[in-house]
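Note sheet for the following structure.
Numbering (the numbering used here), first residue to last: 389 to 840.
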């Protein structure tokens, strides 16, 4: 059993792990790289393996840094099945098509405004590519187990984090390897806690928050403080948010604040077609999260849903206080760029960052206190108040990751720490060795490990 890491090493994006079990080739996750240009350029390079050689893909969840490269995989020859949970399959239907649409839209914008080094600018993949990819996605059985080949079984279990997120164990004969996927929090506003991990010989664990603990503050209260200050100035609150997970948590937080009359009754706008469709799936997959049907319906009643480009542009002309939630969560693309372009130069407005911002993203630059942001080929001054509310993150912190590992019935032979910035991954590696007494390592990009 060989395991090769083609992403999420030295970074929190681009998750791709290739498992070779006596010639059976299984790819776990197939995500896009985000952040620094050197990472993003990997998306445009040929895939580092032959897609046609893969027998199956196992997808932990639908976030684009785990699923966003799937249309490229099928475009370049993959003809097998992409297995994931039912909720993740539904979310991929939304996210992959809309991601492709946004890429096409951005390419058209750059060509129209000559804001490109390439003539013409092209999308990474098209809506047609995404539609072709979706035909390969199937939901695993309700009990979570799937036989990939004789003697090779994949087991999906809940990971919290976002709707449909799973940890995946692959067993072959007497060997097993467990992929944590992105793990959620025990105290998440929306999602249930991660399920306890099964006994496994090897574990691949994420480390997004591997070097820190979530602050012991009430994120809803902090969000309320920002909204009240901004409303008093007559300003607009812009909240970049991932369409799945972060958006629903933020809407629930705003719903709680409005219900408690802790903020003025100002409009709440969700300017994200992906986010709107994903939010509606929370009613369909009601057992997959904590919210009641009444709370889901209350959030829908509170929120103005903006789908069309024309409605989104019209928002820029409004002059009254409101809260606008829009993608993307790390300000790497999407409609939030236009809102920051318009509202970011004015000190009466606010930008709220609701969680981790990967290095090299505009979100990380905002969190670092930048006074200008490059968007659409030009630098835009940032005079708006910028706040980062860590408590809204859907990722387990260092203690949560250690607690999850500590629930394993027996010690694994080794833990591989991935999906984290270098300091976070190495800090978690050290804590695993010190606190649990287990061997751990941080694999390198494109490194192959022999498991047994």
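All C-beta atoms in this analysis are idealised placements derived from N, C-alpha and C, irrespective of residue type, glycine included.
Values in this document were obtained by computation on a predicted structure and should not be read as measured data.
(1) Using the beta-carbon count (16 or more within 10 Å), is residue 599 buried or exposed?
(2) Three-state secondary structure (DSSP) at residue 791?
(3) Between the alpha carbons of residue 546 and residue 583, how many angstroms are there, rounded?
(4) Grouping DSSP H, G and I as helix and E and B as strand, with all else coil, what is residue 685?
(5) Hey, could you find the ends of the beta strand (DSSP E) residue 762 is sitting in?
(6) Could you check which residue in 521, 428, 757 and 544 has the C-alpha nearest to that of residue 529?
(7) Specify, as a first and last residue, the run of the alpha helix (DSSP H) that residue 590 falls within.
(8) According to the neighbour-count rule (16 or more other Cβ atoms, all chains shown, within 10 Å of its Cβ), is residue 807 buried or exposed?
(9) Can the beta-carbon of residue 798 be found less than 7 Å from the beta-carbon of residue 475?
(10) What residue range does the beta strand (DSSP E) around residue 584 cover?
(11) Alpha carbon to alpha carbon, how far is residue 399 from residue 665?
(12) Report, in whole angstroms, the separation of the C-beta atoms of residue 484 and residue 455, which I expect to be a contact under 8 Å.
(13) Taking only runs of the alpha helix (DSSP H) that begin and end inside the stretch 703-785, which ones reach a length of at least 4 residues, in chain order?
(14) On the DSSP letters alone, give me the boundaries of the beta strand (DSSP E) that residue 642 sits inside.
(15) Thinking C-alpha only, which one of 683, 724, 686 and 567 is nearest residue 697?
(16) With DSSP collapsed to three states, give me the class of residue 826.
(17) For residue 562, which of helix, strand or coil comes out of DSSP?
(18) Would residue 837 pass as a contact of residue 522 if the rule is Cβ separation under 7 Å?
(19) Look at the alpha carbon of residue 459 and the alpha carbon of residue 495, and state the distance between them as a whole number of angstroms.
(20) Using the rule of at least 16 other Cβ atoms within 10 Å of the residue's Cβ for burial, across every protein chain shown, is residue 822 buried or exposed?
(21) Rounding to the nearest angstrom, what Cα-Cα distance links residue 809 and residue 746 in this structure?
(22) Which residues bound the alpha helix (DSSP H) around residue 481?
(23) According to DSSP, which residues form a beta bridge with residue 471?
(24) Can you name the start and end residues of the beta strand (DSSP E) that residue 628 belongs to?
(25) Just confirm the distance between the C-beta atoms of residue 640 and residue 679, as a whole number of angstroms; I'd bet it's less than 8 Å.
(26) Smallest Cα separation from residue 477: which of 412, 395 and 673?
(27) List the endpoints of the continuous alpha helix (DSSP H) containing residue 455.
(28) If you follow the alpha helix (DSSP H) that residue 426 is in, where does it begin and where does it stop?
(29) If you draw a straight line from the C-alpha of residue 510 to the C-alpha of residue 492, how long is it?
(30) Measuring only the C-alpha atoms, how far is residue 684 from residue 671?
(31) Beta-carbon within less than 6 Å of residue 537's beta-carbon, same chain only, minus the 5 sequence neighbours each way: which residues are those?
(32) List the endpoints of the continuous alpha helix (DSSP H) containing residue 663.
(33) May I have the straight-line CA-CA distance separating residue 819 from residue 574, to the nearest angstrom?
(34) I'd like the span of the beta strand (DSSP E) that includes residue 836, first residue to last.
(35) Work out the CA separation of residue 620 and residue 469 for me, nearest whole Å.
(36) If I follow the unbroken beta strand (DSSP E) through residue 806, where does it start and stop?
Taking the definition as stated:
(1) buried
(2) helix
(3) 5 Å
(4) helix
(5) 760-763
(6) 544
(7) Note, residue 590: premise wrong, no alpha helix (DSSP H); beta strand (DSSP E) at 590-594.
(8) buried
(9) no
(10) No beta strand (DSSP E) holds residue 584; DSSP gives it neither H nor E.
(11) 29 Å
(12) 7 Å
(13) 724-731 and 750-755
(14) Per DSSP, residue 642 belongs to no beta strand (DSSP E); it is in the alpha helix (DSSP H), 634-647.
(15) 724
(16) coil
(17) coil
(18) no
(19) 17 Å
(20) exposed
(21) 8 Å
(22) 474-500
(23) 446 and 526
(24) 624-628
(25) 7 Å
(26) 673
(27) 452-455
(28) 425-432
(29) 7 Å
(30) 7 Å
(31) 412
(32) 661-672
(33) 20 Å
(34) 836-838
(35) 53 Å
(36) 802-806
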